[in-house]
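Just so we're aligned, residue 0 is where the sequence shown starts under numbering that gives the first Met the number 0, counting upward by one. Ideal placement from N, C-alpha and C gives every residue a C-beta, glycine not left out. Heads up, the thing below is written out as structure tokens.
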Amino acid sequence: MMYSQNEEELMELGKRIGQLLQAGDVLVLTGDLGAGKTTFTKGIAQGLEIKQMIKSPTYTIVREYEGRLPLYHLDVYRIGDDPDSIDLDDFLYGDGVTVIEWGELLEGTLLDEYLRIIIEKVDDGRKLTLAPQGKRGHELVEEIEHGTN
Ligand code: ADP
Ligand code: MG
């Protein structure tokens, strides 16, 4: 469990995780509207050395950015439980990093190895819970919790 007091701390946490990510990694972000999923993704983008401004993909479903690795930033809220309405094979487990807001809506269908990060509001701060799935998910938790960077 991790805690961030404010937006800046949440982005710092995202940045640190972004620095650990490798090609093919998938992060599922779970949390209510306004929990901080997009804010956290901005931090991840910093960790991936992305210079472009991260905009919420709520209406476009996916946005792509160039950095140390490509970032595929998805918000699947609008496709609900019908993942067939978008071709996820184009990015999942490919040459980039995939971050999926509301990604729990796809669980049990397309995803097998990923790190799910649950973001919850606690007063003005945010509580983060890591829920890994598969070998790479567990490896990432190990690096996040015991890594040196
Ligand atoms: P989501 O993508 O989950 O809907 P956003 O990242 O778009 O959430 O929005 C989070 C909102 O909450 C922002 O307006 C941000 O300023 C605000 N906020 C307030 N406190 C915090 C905090 N401690 N951590 C992150 N965001 C915070
Ligand atoms: Mg968002």
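Can you check which of these residues, the options, is closest to residue i by C-alpha distance?
i	options	result
G132	P56, K126, F90 and E103	According to the sequence displayed, residue 132 carries Gln and not Gly. Minimum Cα distance to Q132 is reached at E103.
L109	G30, D86, L127 and D123	D86
R125	A34, G13, I49 and D24	A34
V140	G17, P56, L68 and F90	G17
D81	D111, E48, E142 and W101	W101
G46	L68, L127 and D88	L68
I149	G146, L73 and E63	Since the first and last residues shown for the chain are 0 and 148, residue 149 lies out of range.
Sorry if obvious, but does the Cβ on residue i come closer than 7 Å to a heavy atom of the ligand ADP?
i	result
R115	no
Q45	no
G17	no
T37	yes
D123	yes
Which residues does DSSP list as the beta-bridge partners of residue i?
i	result
R125	S3 and K120
K144	Position check: residue 144 holds Glu in this sequence, whereas Lys was assumed. Its beta-bridge partners do not exist; DSSP assigns none.
Y92	Answer is none; Y92 lacks a bridge partner.
Where does the unbroken beta strand (DSSP E) through residue i begin, and where does it stop?
i	result
L73	L70 to D74
I60	Counting along the chain, I60 falls outside any beta strand (DSSP E), and DSSP gives it neither H nor E.
I28	Note that residue 28 corresponds to Leu in the displayed sequence, not to Ile. Where L28 is concerned, the enclosing beta strand (DSSP E) stretches over V25 to T29.
May I ask you to check if the CB of residue i is nearer than 7 Å to at least one heavy atom of the ligand MG?
i	result
E100	yes
K126	no
D74	yes
I believe residue i touches residue j by the beta-carbon criterion, under 8 Å. Please report the beta-carbon distance rounded to the nearest angstrom.
i	j	result
D24	R135	7 Å
Looking at the unbroken alpha helix (DSSP H) that takes in residue i, where does it start and where does it end?
i	result
K36	K36 to G46
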